[in-house]
Amino acid sequence: MTDTAARQIDRRATRAALDHLFGAQLLFGGAFWLVFALVMVTVPVLVSRSGGQMDTGVLHATGYAARWFAFALGTAGVAAVLTIHLAAGGTRRALHRAAVLSALLVVVLYGALFAVAQLGERALWGGLGWTWVRPGGIPGDGGTGIVLGAVGEGLACATYALVGSAVAVAYHRLRALRGTLALLPSLVVLALADMVTGTGTGGETLGNLVATGADTAPALVTGLAGGTAVAVLAAAWLHLFLRRAQLRPRT
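So for the sequence shown, the numbering used here puts the first residue at 163; every next one is plus one.
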C-alpha cells in the first residue's frame, strides 16, 4: 500500500469517527439546549405572573449541566465507536484526531448556543422589568462579556468531552476498578477547566484562586489562554490512554 493510499484511508477513518462523535454532540447537545431554553423562558414568566422576582437567571445552572452533558456524550461516543474503529483497521491516531476535532467543534457549538441563550435571557428579563446579571465566567462588560463567557463555556465543555472520551478508553483498557483509579486525576483536569474559565462548580468554589478582576488583559490570559491550555492537557490525557488501546480489553 502506498503512502498516499494509507493517508486516504486514515482520513476516511478520521472522518467516520468524527461524524459519529460530533454527530452525537450536535443531536443530543442541541436537544439539551432546546429543552433548557424552554425552561429558561418558562420559569421567569411563571415567577413574574405570580408576583415574584428572581435574583439570578436559570442560565446560571448551565455551568453545572451542559458540560456534564458533553462529558457523557464524549464517554458514550468513544465507547460505542472504539471497538468498531479498531476492528475495521482504523488507527488510534485517527480516533484521537477525530476526538480532538469533535472537541473543537464543541467549543463552537456549545459556545454559540450559550451566547444565544445569554442574549435571549437578557432580553426576557428586560421585558419583565428585571435586572439581568450575566452568569459567572471570564470577566467582561456588555457584548464583550457575553462573547468571553460563551468562549469560556465552550472551552470548558470541550475539555469535559475530551476527558469523557478518556474515561471510555480507560474503562475499555483497564476495566472497572483499575479504570476508575487511573482516572481519578481526571478530576483535576476538570477542576482546572472550571477554575480558569470561572464557570461551573470549580469556578464557583475555586475561581477566586485565579481571579483577575475586571481587567480585560489578565482575564483574557487566564480565561482564554488558560482554558485552551487545559483543553490541550485533556487531549494529551486522552492520547495517553488511547495509544495503548487494544481491540480486546484487558481481563
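C-beta: ideal position from N, C-alpha, C; glycine also.
These numbers come from a predicted model, not from an experiment.
Which one of the options has the shortest CA to CA distance from residue i?
| i | options | result |
| --- | --- | --- |
| Thr-176 | Arg-335, Leu-244, Ala-228 | Leu-244 |
| Gly-191 | Leu-352, Leu-281, Leu-271, Val-278 | Leu-271 |
| Thr-293 | Gly-219, Leu-352, Asp-303, Ser-348 | Gly-219 |
| Arg-229 | Val-269, Val-197, Arg-259 | Val-269 |
| Ala-407 | Gly-273, Asp-181, Arg-255, Asp-172 | Arg-255 |
| Ala-242 | Val-205, Asp-181, Ala-274 | Asp-181 |
I need the straight-line Cα distance from residue i to residue j, nearest angstrom please.
| i | j | result |
| --- | --- | --- |
| Gly-214 | Gly-362 | 27 Å |
| Leu-404 | Ala-167 | 24 Å |
| Gly-252 | Met-216 | 52 Å |
| Val-295 | Leu-354 | 24 Å |
| Tyr-226 | Leu-402 | 27 Å |
| Ala-199 | Arg-169 | 43 Å |
| Gly-288 | Gly-307 | 17 Å |
| Ala-249 | Thr-224 | 37 Å |
| Val-203 | Val-278 | 13 Å |
| Leu-286 | Val-209 | 13 Å |
| Arg-284 | Val-207 | 13 Å |
| Ser-264 | Gly-364 | 24 Å |
| Leu-188 | Leu-267 | 9 Å |
| Pro-347 | Trp-399 | 10 Å |
| Ala-274 | Arg-211 | 30 Å |
Verify whether the separation of the beta carbon atoms of residue i and residue j is less than 8 Å.
| i | j | result |
| --- | --- | --- |
| Ala-186 | Ala-238 | yes |
| Leu-290 | Ile-300 | no |
| Thr-384 | Val-358 | yes |
| Leu-386 | Val-313 | yes |
| Ala-179 | His-247 | yes |
| Gly-113 | Gly-302 | Outside the shown range of the chain, which is 163 to 413, sits residue 113, and nothing can be said about it. |
| Ala-318 | Val-351 | no |
Our contact map puts residue i next to residue j with C-beta atoms below 8 Å; I'd like the distance itself, whole angstroms only.
| i | j | result |
| --- | --- | --- |
| Phe-233 | Ala-323 | 6 Å |
| Gly-316 | Phe-276 | 7 Å |
| Ala-393 | Ala-344 | About 20 Å; that fails the 8 Å criterion. |
| Leu-196 | Gln-280 | No, Leu-196 and Gln-280 are not in contact; Cβ-Cβ is about 16 Å, not under 8 Å. |
Looking only at its chain, what residues have a beta carbon closer than 8 Å to the beta carbon of residue i, apart from the 5 residues adjacent to it on each side?
| i | result |
| --- | --- |
| Val-240 | Leu-183, Leu-257, Ala-261, Gly-326, Ser-327, Ala-330, Val-331 |
| Thr-413 | At Thr-413 the pLDDT is 49, less than 50, meaning the model places this residue with poor confidence; the figure from the coordinates comes in the next sentence. So the qualifying residues of the chain are Arg-337. |
Report all residues from its chain with a CB closer than 7 Å to the CB of residue i; omit the five preceding and five following residues, and keep chain order.
| i | result |
| --- | --- |
| Val-201 | Val-220 |
| Phe-231 | Gly-191, Phe-194 |
| Arg-259 | Thr-176 |
Who are the near neighbours of residue i in its chain, counting only those whose CB is closer than 6 Å to its CB and skipping five residues on each side?
| i | result |
| --- | --- |
| Gly-388 | Val-358 |
| Tyr-333 | Gly-341 |
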